[in-house]
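Participant: Dropping a structure here in C-alpha cells format, bear with me for questions.
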Amino acid sequence: MTLQRFPTLHDYAERAASFERQLQSLERRRDTILAQIEQRKSPAHQLVSLLAPLYRRSMIFEVRQLRKECERVEFQIQDIKAEYEAWKAELKQRASELEENTRLYELETLIQREYRWLAIHDDQAELRKKQAVLEKVREQKRLQEEAQTLQREQKALQQQLSEVREKLGTNRQQRDALDDSHHTTRSHATETQTADIDEAILKVSMLSH
Numbered sequence: 001m002t003l004q005r006f007p008t009l010h011d012y013a014e015r016a017a018s019f020e021r022q023l024q025s026l027e028r029r030r031d032t033i034l035a036q037i038e039q040r041k042s043p044a045h046q047l048v049s050l051l052a053p054l055y056r057r058s059m060i061f062e063v064r065q066l067r068k069e070c071e072r073v074e075f076q077i078q079d080i081k082a083e084y085e086a087w088k089a090e091l092k093q094r095a096s097e098l099e100e101n102t103r104l105y106e107l108e109t110l111i112q113r114e115y116r117w118l119a120i121h122d123d124q125a126e127l128r129k130k131q132a133v134l135e136k137v138r139e140q141k142r143l144q145e146e147a148q149t150l151q152r153e154q155k156a157l158q159q160q161l162s163e164v165r166e167k168l169g170t171n172r173q174q175r176d177a178l179d180d181s182h183h184t185t186r187s188h189a190t191e192t193q194t195a196d197i198d199e200a201i202l203k204v205s206m207l208s209h
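Quick look at the structure:
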C-alpha cells in the first residue's frame, strides 16, 4: 500500500510555470505566424504576385494555411488559458477549504483543550473530594487512637488509684493497730506508775507515824 502524496508549494509553482511556458510558446508561435502573414502583405510580395499569377496563388494558399495555423494556435492558447484559470480557481477553492479546515481544526483543538482542562478540573475536584474524605478518615482514626490512648491512661490511673487506696487502707489499719498498742502500753504504764506512787505515799505515811 503506497502512501498518498499531497502536492507541495513547489509542485504548485512547477505547474504554474508549466502553464506559463506553454502559453508563451504558443503566443510566440502565433506572433510568428502573424508576422509571416503580414510579410506576405508587403508591397514587394504584392508586386510579385501581380507579375506572377502562379506565385500569387501559392501565396494565397500559404496565407490561408498560416491563418488556419494561427487560429489553431489561438484555440490552443485559449484552451491553455481556460485550463490555467480553472486550475487557479481550483487552487483558490482548495485554499478556501484549507483555510476553513484550518479554522475548524483550530476550533476543534481549542474545544479539545477546553475539554481536557474541564476533565482535569473535574479530576482535580474529584481528587480534592477524595482527599477531603481521606483527611476526614485520618482525623477520625487519629481521634479514635487518642481516645484509646486516653482510655488506657485512664485505666492505668484507675489501677494506680486502686493500688494507692489499697495501700492507704493497709497503712491505716496498721496505724490504728499501732495506736491501739501504744495506748494500751501507756495506760498500763500509767496505772503501774500510779500504784507505785500510792505505795510510796503509804510507806511514807507509815514511817511518819
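Going by this note's numbering, the residue at position 188 of the sequence shown is 188; the numbering climbs one at a time, nothing skipped. We put the CB at the ideal spot given by N, CA and C, even for glycine. Since this is a predicted model, take the numbers as computed values, not measurements.
Using the beta-carbon count (16 or more within 10 Å), is R120 buried or exposed?
Facilitator: Note that residue 120 corresponds to Ile in the displayed sequence, not to Arg. Exposed, by the Cβ-count rule.
Participant: Would you tell me roughly how many angstroms separate the C-alpha atoms of Q159 and E126, rounded to the nearest one?
Facilitator: 49 angstroms
Participant: Excluding sequence positions up to five away, which residues of its chain have a Cβ less than 6 angstroms from the Cβ of E100?
Facilitator: none
Participant: Okay, do the stretch 60–69 and the stretch 30–41 touch, 3+ Cβ pairs below 8 angstroms being the bar?
Facilitator: yes
Participant: Would you kindly work out how many angstroms separate the C-alpha atoms of H81 and L23, rounded to a whole number?
Facilitator: Looking at the sequence shown, residue 81 is not His but Lys. Approximately 7 angstroms between the Cα atoms of the pair.
Participant: Once the 5 residues before and after S18 are set aside, which same chain residues still bring their CB inside 7 angstroms of it?
Facilitator: none
Participant: With DSSP as the reference, label S162 as helix, strand or coil.
Facilitator: DSSP places S162 within a helical segment (H, G or I) once states are collapsed to three.
Participant: Identify, in the order they occur along the chain, each residue of the same chain with its Cβ nearer than 6 angstroms to the Cβ of Q36, setting aside the five sequence neighbours on each side.
Facilitator: L66
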